[in-house]
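Peer 1: Pasting a structure here, questions to come.
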Amino acid sequence: MTVDMGLTVGGVELRGPVLAASGTFGYGTEVPLLERRALGGMVSKGIFLQPRAGTPPPRIVETPSGMLNAIGLQGPGADALIRDYAPQWASWDFPVLVNINGESVSEYGELAARLDGVPGVAGFEINISCPNVEQGGLYFGNDPRAAAAVTDEVRKRTRLPVWVKLTPMVTDIAVIARAVESAGADALCAVNTFVGMSIDLHAYRPRLSFRTGGLSGPAIRPLALHLAHQAARAVGIPVIGVGGVMRAEDALEFLVAGCAAVQVGTATFVNPCAIAEIHDGIAAHLESRRLGSLADLPRYLPRDEPVTGLSQPNTSTGP
Amino acid sequence: MTVDMGLTVGGVELRGPVLAASGTFGYGTEVPLLERRALGGMVSKGIFLQPRAGTPPPRIVETPSGMLNAIGLQGPGADALIRDYAPQWASWDFPVLVNINGESVSEYGELAARLDGVPGVAGFEINISCPNVEQGGLYFGNDPRAAAAVTDEVRKRTRLPVWVKLTPMVTDIAVIARAVESAGADALCAVNTFVGMSIDLHAYRPRLSFRTGGLSGPAIRPLALHLAHQAARAVGIPVIGVGGVMRAEDALEFLVAGCAAVQVGTATFVNPCAIAEIHDGIAAHLESRRLGSLADLPRYLPRDEPVTGLSQPNTSTGP
Amino acid sequence: MFLLSAPITAKREVARGMVVVSIQAPEIAATVRAGQFVNLGLPGSFLRRPFSVYRVDGERIEVVLKAVGVGTTQLLAMRPGDLVSCLGPLGRGFDLGPGPGSVVLVSGGLGVAPMPLAAGEARALGMRVTWVHGARASEDLCSETEGDAVIWATDDGSRGFAGTAVAAAPDGDLILACGPNRMLAAAAERWPDAQVAVETYMGCGTGVCLGCAVPLVRGGYDRACKEGPVYRAADVDWAALPAHLPYAVTATA
Amino acid sequence: MFLLSAPITAKREVARGMVVVSIQAPEIAATVRAGQFVNLGLPGSFLRRPFSVYRVDGERIEVVLKAVGVGTTQLLAMRPGDLVSCLGPLGRGFDLGPGPGSVVLVSGGLGVAPMPLAAGEARALGMRVTWVHGARASEDLCSETEGDAVIWATDDGSRGFAGTAVAAAPDGDLILACGPNRMLAAAAERWPDAQVAVETYMGCGTGVCLGCAVPLVRGGYDRACKEGPVYRAADVDWAALPAHLPYAVTATA
Ligand SMILES: Cc1cc2nc3c(=O)[nH]c(=O)nc-3n(C[C@H](O)[C@H](O)[C@H](O)COP(=O)(O)OP(=O)(O)OC[C@H]3O[C@@H](n4cnc5c(N)ncnc54)[C@H](O)[C@@H]3O)c2cc1C
Ligand SMILES: Cc1cc2nc3c(=O)[nH]c(=O)nc-3n(C[C@H](O)[C@H](O)[C@H](O)COP(=O)(O)OP(=O)(O)OC[C@H]3O[C@@H](n4cnc5c(N)ncnc54)[C@H](O)[C@@H]3O)c2cc1C
Ligand SMILES: Cc1cc2nc3c(=O)[nH]c(=O)nc-3n(C[C@H](O)[C@H](O)[C@H](O)COP(=O)(O)O)c2cc1C
Ligand SMILES: Cc1cc2nc3c(=O)[nH]c(=O)nc-3n(C[C@H](O)[C@H](O)[C@H](O)COP(=O)(O)O)c2cc1C
Ligand code: FES
Ligand code: FES
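In order, the protein sequence lines correspond to chains E, X, F and G. Quick note, the working numbering runs 13 ahead of the 1-based positions in the first sequence. Quick note, the working numbering runs 13 ahead of the 1-based positions in the second sequence. Quick note, the working numbering runs 101 ahead of the 1-based positions in the third sequence. Quick note, the working numbering runs 101 ahead of the 1-based positions in the fourth sequence.
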């Protein structure tokens with residue numbers, strides 16, 4: 014028995030259910046070790062219309078089972094992306110989505126329009142959840158109106174699939190999820206990093222130059238899983254789970270919890286072959302349970318059991 | 014040089030800056046190993062007016078650098094607490110606060126009134142942040158009006174100090190912090206556990222019988238530290254930091270970030286002597302830096318630097 | 102209760118994949134009773150892991166285990182001289198009463214763990230000890246036995262009685278049983294007054310977290326680590342006690 | 102770039118607390134250039150830890166380190182036969198040009214790490230090698246040296262020149278320097294064209310995370326793990342590069 018791992022998620026044809034998460038795989042050109050066959054697709058490092066220098070060092074700090082980062086969306090801007098990277102992507106046999114950022118609704122739209130139709134760009138992941146920029150990012154992610162406005166604007170400026178990456182820093186993720194679904198998102202990615210801090214006891218001030226950073230890695234996995242599950246119960250479009258996936262078992266937890274696919278981020282730093290191992294491990298699990306394809310994997314998306322651990326009563330029942 | 018570790022926080026005279034967190038130290042009668050001299054104070058397991066059975070097993074699951082719990086506030090109720098535990102507390106030389114819970118505003122108030130004046134009860138910690146009960150708890154914690162209403166009600170029914178334990182599951186903790194400060198809280202505890210989930214890949218359903226649970230342990234420390242810091246910048250009353258403190262260095266991070274004291278929870282499970290070691294480690298740090306008391310420890314509470322990683326612009330500037 | 106940083110002193114295999122680990126822990130060795138456990142802190146797993154004390158040998162205690170997950174795999178990978186954080190003795194052990202009379206020790210698989218100590222205590226009280234031990238197949242049977250009579254049971258019939266240890270056991274004045282919770286439920290049917298040692302997840306092992314809830318027939322829960330792990334068989338609500346604990350998440354990855 | 106699960110083969114002390122660890126890593130040994138590094142995955146710390154390759158000995162690479170935190174303490178506690186996850190070679194090493202001529206290797210403390218490989222490559226090009234090595238006191242000086250001339254420097258004057266390695270060094274056609282970033286800033290003042298190997302925090306070591314930002318005089322940042330860790334001294338904005346990396350959080354607790 015061979016397991017069928019291909020699938021289409023939110024308008025993007027993936028070679029498998031495991032994608033590389035934005036900001037943890039560069040532009041796909043850096044990591045020679047990875048076996049490409051296993052890469053379902055990738056999301057490129059977050060980009061703004063214009064080049065950005067990013068934050069001064071220190072930018073990262075290790076934490077228990079995780080890390081904080083404040084890169085500040087360092088990037089070359091749209092023109093360089095179109096010139097230097099998209100042509101390479103066009104020749105690859107897995108899809109590349111671009112993680113787009115802006116300081117205003119119109120800037121998101123402009124960036125999407127600029128990249129629309131560029132060969133090699135398979136779709137967009139709207140980042141309304143970056144905690145590491147002074148303007149934009151997170152601010153759009155926790156207000157359902159702002160989140161919907163960005164989604165709507167991007168939706169209007171491109172024919173490519175539009176995914177929206179949600180922030181965990183909200184009282185009720187279901188509200189945001191439904192808002193961006195209504196505004197035309199093809200899929201949701203849940204979640205981006207959680208805002209955290211770490212203090213240097215020599216200088217008596219934050220270790221990171223940006224002071225706060227985004228927490229990623231297995232430390233956040235139980236939280237990300239819960240949020241992805243809540244999002245999946247709230248909307249009809251697919252949800253891509255992100256947060257702390259290190260091994261195939263972790264990815265399977267997200268899939269069982271209702272996700273259509275997963276993204277792998279920090280794991281790649283620890284093990285450059287993580288994505289391939291996770292892909293193969295999922296296939297092995299399906300085979301060992303005699304499941305012919307991902308679609309056969311049992312899901313835990315009960316319509317009858319109450320949702321627990323909710324922030325607000327009665328806002329997160331299924332569609 | 015001997016370091017002065019005593020302090021008064023939110024109306025409660027503590028023997029030191031390290032307290033035992035609610036639900037992780039029982040009623041203070043269980044752990045014989047701990048050196049009591051090091052215990053600044055303790056908060057007893059969360060209690061309702063009436064006895065509660067709690068949730069069926071499994072109630073806990075280990076996660077990377079942490080654990081999920083869904084105990085469901087199992088407890089004997091107010092009468093048994095007054096009969097069995099308070100008399101013992103009355104003879105101890107450190108203060109015991111009672112973590113109080115309710116399904117309605119009036120139930121919180123009634124419980125406070127019932128315990129008011131009982132010898133051995135040094136104050137209250139209002140739990141508006143328990144993620145593991147179907148009614149109450151978390152629901153009061155993420156709505157500033159509801160949080161203020163509970164605080165106000167308890168404040169009216171007791172002369173004892175009133176601390177309020179905040180949930181991290183909110184878009185902007187500063188809003189809730191200011192609401193409960195205005196309603197008369199003497200201090201804030203930040204934070205309770207984060208809602209998380211874990212999936213059993215044999216049964217294809219959640220490992221915990223309650224389905225979701227609260228994440229604690231070092232995994233959440235960077236997040237708790239950030240939230241405690243944000244709360245400390247938002248209010249004038251003291252903030253007690255809680256979340257992932259395992260070692261003296263971790264406690265010092267919370268103190269430097271603006272907390273008046275810390276609570277230690279899950280660490281006690283791993284190391285029953287954790288609180289004593291943390292207390293001694295803080296004293297050793299102060300001594301090594303030639304700081305005569307906790308008040309001399311430099312704090313990172315800048316009034317001029319921007320607050321980063323905020324969920325909403327312009328809501329969390331200092332008082 | 103003692104907290105020791107204790108060196109591992111030796112290891113030996115007693116069945117297929119089943120290994121006895123000796124730990125130098127004088128204070129615990131001097132005070133532990135049959136059915137009590139130690140909570141071991143292992144590098145690489147976050148929470149401690151509970152293990153029944155298998156035997157006491159002078160200043161050393163022994164535990165017996167198989168590799169079933171991260172913590173047990175780690176413990177088995179450790180070498181003599183390596184240190185393990187050892188908290189114990191914990192819980193309430195078997196109550197053998199005043200003796201003498203007969204006691205039947207019924208164990209399935211790793212449920213053999215508390216039995217050697219129990220046999221020793223029973224012998225000291227002048228009791229006649231029958232040792233009943235079952236496993237899947239003969240290679241899985243613990244090779245070390247105690248007592249006046251030994252009865253083997255295997256699921257596949259490859260040694261002794263073909264069936265479970267509960268089915269193979271005779272009656273006695275006192276029945277002590279340990280094994281998978283499913284086996285203990287069966288023991289409860291046959292011997293409501295048996296003393297059984299149950300397994301639950303544990304957070305603290307010291308009674309403060311309420312994580313180790315054991316559902317009781319009279320309603321409510323108590324703590325496997327404090328009131329337990331030994332219960333009167335008929336007191337436990339077996340239907341509500343997870344019979345098979347799901348695989349735990351690993352702490353290291 | 103190779104990812105190997107590699108056994109530790111030997112350890113030796115070369116200064117007070119400074120230890121050389123040998124690792125069996127044939128593919129890396131065969132391809133590494135001076136100034137490149139390996140990123141080691143150690144049990145108990147979450148992220149990998151970068152270490153310059155110190156020497157190559159057949160199929161083995163060597164790294165030199167002191168215990169400064171969790172990861173380094175762990176690595177030093179490991180025994181021959183233990184496995185470490187070894188990713189490398191990484192980064193861009195020194196560029197010795199066509200040779201011959203003279204090269205001065207200036208190192209402070211653990212900055213000695215990339216120098217033996219550099220000396221070897223220089224010798225192969227027919228260069229005259231001057232080895233300048235400084236430390237706090239004579240016991241802290243790495244006892245292993247290379248090159249045609251050796252100059253010692255100690256802060257306390259207990260051996261050789263009383264002062265820094267930068268102050269003690271002669272000029273040469275090519276200057277290679279490694280040590281605390283503060284020392285490298287001083288080297289940049291004296292020798293703008295020196296090639297210096299800098300230290301930063303690293304997330305991935307492979308160029309994908311942008312965590313290892315090195316601020317450049319021309320503006321912006323590039324990656325210590327990809328464009329670096331070796332830079333032309335005058336290209337780095339030393340004022341903006343953290344001179345002293347704060348103690349990192351431990352991953353295990
Ligand atoms: C009072 C008591 C005494 C015990 N005595 C022994 C003994 O003498 N010998 C022995 O081999 N085992 C004993 N156990 C079980 C042992 O504690 C678990 O097998 C061990 O914790 C698994 O750890 P792990 O990291 O290897 O497994 P994990 O990777 O954590 O999980 C693997 C498997 O172990 C089970 N498990 C995980 N955590 C626990 C836990 N806290 N309690 C019970 N099961 C768990 C899981 O359900 C899973 O099937 C005892 C348990 C209790 C409660
Ligand atoms: C390219 C490169 C080559 C290096 N080569 C060597 C070498 O050959 N020998 C050697 O001993 N050290 C070398 N280092 C430094 C070494 O990586 C750190 O000392 C090590 O990561 C500390 O790990 P730890 O867990 O022991 O310390 P931690 O507990 O993490 O921290 C202790 C100290 O180490 C510093 N540190 C932590 N992480 C890093 C990091 N990623 N990069 C730099 N410093 C860090 C902290 O500032 C702190 O002072 C190199 C660093 C880089 C970037
Ligand atoms: C160094 C780093 C950089 C990141 N950059 C981006 C980014 O540019 N855009 C984005 O949407 N997410 C970014 N993320 C978030 C990840 O894509 C992912 O959502 C998060 O790390 C959680 O997944 P993980 O635990 O698997 O890493 C970044 C994460 C890290 C660690
Ligand atoms: C098993 C368990 C039970 C808890 N019970 C309570 C409780 O009854 N009331 C409460 O306010 N917090 C409770 N908490 C939360 C802790 O007091 C603390 O806020 C949280 O665990 C984070 O701190 P830590 O990481 O140090 O454990 C509980 C936590 C755990 C792990
Ligand atoms: S394991 Fe914590 S109360 Fe029993
Ligand atoms: S360490 Fe990740 S880019 Fe350099």
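By construction, the Cβ of each residue, glycine as well, lies at the ideal position given by its N, Cα and C atoms. Predicted model only: the values in this text are computed from it and were never measured.
Would DSSP call E:Y98 helix, strand or coil?
Peer 2: Here residue 98 of chain E is taken as the residue at index 85 of the first sequence, counted from 1. Looking at E:Y98 - three-state DSSP - the assignment turns out to be helix.
Peer 1: For ligand 3, I want to know if X:V183 counts as a neighbour, meaning its beta carbon is within less than 7 Å of at least one of the ligand's heavy atoms.
Peer 2: By 1-based counting over the second sequence, the position of residue 183 of chain X is 170. Every heavy atom of ligand 3 is 7 Å or more from the Cβ of X:V183, so no.
Peer 1: Under the rule that 16 or more other beta-carbon atoms within 10 Å means buried, what is X:K169, buried or exposed?
Peer 2: In the second sequence, counting from the first residue as 1, residue 169 of chain X sits at position 156. By the 10 Å Cβ count, X:K169 comes out exposed.
Peer 1: Beta strand (DSSP E) containing G:P316: first to last residue?
Peer 2: Residue mapping note: residue 316 of chain G aligns to position 215 of the fourth sequence, counting from 1. Per DSSP, G:P316 belongs to the beta strand (DSSP E) from A314 to P316.
Peer 1: Counting only beta-carbon atoms, is X:T281 nearer than 8 Å to chain E?
Peer 2: To locate residue 281 of chain X, count along the second sequence from 1; it is residue 268. Answer no: the Cβ-Cβ gap between X:T281 and chain E never drops below 8 Å.
Peer 1: Roughly how many whole angstroms lie between the Cα atoms of F:L105 and X:T279?
Peer 2: In the third sequence, counting from the first residue as 1, residue 105 of chain F sits at position 4. In the second sequence, counting from the first residue as 1, residue 279 of chain X sits at position 266. Approximately 19 Å, taken between the alpha carbons.
Peer 1: Using a Cβ cut-off of 8 Å, pull out every chain A residue sitting near E:A66, in sequence order please.
Peer 2: The chain inventory of the structure shown lacks chain A, comprising the protein chains E, X, F and G.
Peer 1: For the segment 201-221 of chain E, which residues have a beta carbon sitting closer than 8 Å to at least one beta carbon of chain G?
Peer 2: S211, D213, L214, H215, A216 and R220
Peer 1: Find out if the Cβ-Cβ distance for the pair X:T76, X:A232 is shorter than 8 Å.
Peer 2: Here residue 76 of chain X refers to the residue found at position 63 of the second sequence. Here residue 232 of chain X refers to the residue found at position 219 of the second sequence. Closer than 8 Å, so yes.
Peer 1: For G:K112, which residues in the same chain have their Cβ closer than 8 Å to its Cβ, ignoring the five residues on either side in sequence?
Peer 2: Position 11 of the fourth sequence holds residue 112 of chain G. The answer, listed in chain order, is V120, V121, V122, S123, L177 and P181.
Peer 1: Is X:A280 near ligand 4 - that is, is its Cβ less than 7 Å away from at least one heavy atom of it?
Peer 2: Taking the second sequence and counting its residues from 1, the one referred to as residue 280 of chain X is at position 267. Because some heavy atom of ligand 4 lies under 7 Å away, the Cβ of X:A280 counts as near it: yes.
Peer 1: Using a Cβ cut-off of 8 Å (strictly closer), state whether E:G24 contacts chain X.
Peer 2: The residue given as residue 24 of chain E occupies position 11 in the first sequence. No, E:G24 does not count as interfacial toward chain X.
Peer 1: Out of F:K167, F:A107, F:D249 and F:V115, point me to the one whose CA is closest to F:V139's CA.
Peer 2: Counting from one through the third sequence, the residue named residue 139 of chain F turns up at place 38. Per the Cα distances, F:A107.
Peer 1: Taking all protein chains shown into account, do 16 or more other C-beta atoms lie within 10 angstroms of the C-beta of G:V337, making it buried, or fewer, making it exposed?
Peer 2: Against the fourth sequence, residue 337 of chain G aligns to sequence position 236. Label assigned to G:V337: buried.
Peer 1: Are E:Y217 and E:V269 close, meaning C-beta to C-beta below 8 Å?
Peer 2: The sequence position of residue 217 of chain E within the first sequence is 204, counting from 1. The sequence position of residue 269 of chain E within the first sequence is 256, counting from 1. No, they are not a contact pair.
Peer 1: Once the 5 residues before and after X:L310 are set aside, which same chain residues still bring their CB inside 7 Å of it?
Peer 2: For the purposes of this step, residue 310 of chain X is taken as the residue at position 297 of the second sequence. For X:L310, where only same-chain residues beyond five positions count, the Cβ hits under 7 Å are L268, V269, L299 and L304.
Peer 1: Using a Cβ-Cβ distance cut-off of 8 Å, determine whether E:M259 contacts chain G.
Peer 2: The residue given as residue 259 of chain E occupies position 246 in the first sequence. For E:M259, the answer is no, since every Cβ of chain G falls outside 8 Å of its Cβ.
Peer 1: For the beta strand (DSSP E) containing F:M99, list its first residue and its last residue.
Peer 2: In the structure as shown, chain F starts at 102 and stops at 354, and residue 99 of chain F therefore has no counterpart that could be examined.
Peer 1: Whole-angstrom Cβ separation of F:V318 and F:Y332, contact assumed at under 8 Å?
Peer 2: Start at 1 with the first residue of the third sequence, and residue 318 of chain F comes out as number 217. Start at 1 with the first residue of the third sequence, and residue 332 of chain F comes out as number 231. Not quite, the Cβ-Cβ distance comes to about 10 Å (not below 8 Å), so this is no contact.
Peer 1: Can you look up F:M284 in the DSSP assignment and give me helix, strand or coil?
Peer 2: The residue given as residue 284 of chain F occupies position 183 in the third sequence. Looking at F:M284 - three-state DSSP - the assignment turns out to be helix.
Peer 1: Would the segment 296-312 of chain G count as touching the segment 322-330 of chain G if we require 3 or more Cβ pairs under 8 Å?
Peer 2: Yes, they touch.
Peer 1: If contacts are defined as beta-carbon pairs under 8 Å, then E:A241 and E:A203 qualify, I think. What distance do you get, rounded to the angstrom?
Peer 2: Within the first sequence, the letter at position 228 stands for residue 241 of chain E. Within the first sequence, the letter at position 190 stands for residue 203 of chain E. Confirmed, Cβ separation roughly 4 Å.
Peer 1: Which residues of chain G have a Cβ atom closer than 8 Å to the Cβ of E:F38, listed in chain order?
Peer 2: Locating residue 38 of chain E in the first sequence gives position 25, counting from the first residue. Taking a Cβ-Cβ cut-off of 8 Å, the neighbours of E:F38 in chain G comprise V309, given in sequence order.
Peer 1: If we define contact as Cβ-Cβ less than 8 Å, is E:S329 a contact residue for chain X?
Peer 2: As a first step, residue 329 of chain E is located in the first sequence; it is residue number 316 there, counting from the start. No answer about E:S329 holds up, because its pLDDT of 32 lies below 50 and its placement is not dependable.
Peer 1: Are the beta-carbon atoms belonging to X:P1 and X:G136 less than 8 Å from one another?
Peer 2: Because chain X spans 14 through 332 in this model, residue 1 of chain X falls outside it and cannot be assessed.
Peer 1: Do G:G194 and G:Q137 come within 8 Å of each other at the CB atom, strictly closer than that value?
Peer 2: Position 36 of the fourth sequence, counted from the start, is the residue given in the question as residue 137 of chain G. Position 93 of the fourth sequence, counted from the start, is the residue given in the question as residue 194 of chain G. A contact, by the Cβ cut-off of 8 Å.
Peer 1: So, does the CB of E:N155 fall closer than 8 Å to a CB anywhere in chain X?
Peer 2: As a position in the first sequence, residue 155 of chain E is number 142, starting the count at 1. Taking Cβ atoms only, chain X reaches closer than 8 Å to E:N155, which makes this a yes.
Peer 1: Closer than 8 Å, Cβ to Cβ, to anything on chain E: give me those residues from the segment 137-159 of chain G, in chain order.
Peer 2: G142, S146, F147, L148 and R149
Peer 1: What residues of chain E sit near X:G1, judged by a beta carbon separation below 9 Å?
Peer 2: Nothing can be reported for residue 1 of chain X: it is not among the residues displayed for chain X, which extend from 14 to 332.
Peer 1: Could you pull out every residue in the same chain whose Cβ sits closer than 7 Å to the Cβ of F:V267, ignoring the five residues on either side in sequence?
Peer 2: Position 166 of the third sequence, counted from the first residue, corresponds to residue 267 of chain F. Excluding sequence neighbours, F:V267 sits near V207, M284, A287, A288 and R291.
Peer 1: Would F:P343 count as contacting chain X if we go by Cβ distances under 8 Å?
Peer 2: To locate residue 343 of chain F, count along the third sequence from 1; it is residue 242. Taking Cβ atoms only, chain X reaches closer than 8 Å to F:P343, which makes this a yes.
Peer 1: What does a CB cutoff of less than 8 Å around X:V405 pick up in its chain, not counting 5 residues either side in sequence?
Peer 2: Any answer about residue 405 of chain X is impossible in this case: the structure gives chain X only from 14 up to 332.
Peer 1: Over what stretch of residues does the alpha helix (DSSP H) that includes X:T164 continue unbroken?
Peer 2: Locating residue 164 of chain X in the second sequence gives position 151, where the first residue counts as 1. Element bounds for X:T164: P157 to R170.
Peer 1: Could you tell me whether the Cβ atoms of E:L238 and E:T206 are closer together than 8 Å?
Peer 2: Looking up residue 238 of chain E in the first sequence gives position 225. Looking up residue 206 of chain E in the first sequence gives position 193. No, the Cβ-Cβ distance between E:L238 and E:T206 is not below 8 Å.
Peer 1: Cβ-heavy atom distance between X:V193 and ligand 4 below 7 Å?
Peer 2: Reading the second sequence from its first residue, position 180 is the one you call residue 193 of chain X. No, since every heavy atom of ligand 4 falls outside the 7 Å radius drawn around the Cβ of X:V193.
Peer 1: Going by beta carbon distance, what residues of the same chain come within less than 6 Å of G:W232, once the five residues before and after it are set aside?
Peer 2: In the fourth sequence, counting from the first residue as 1, residue 232 of chain G sits at position 131. Same-chain partners within the cutoff: L206, T246, E247, G248 and V251.
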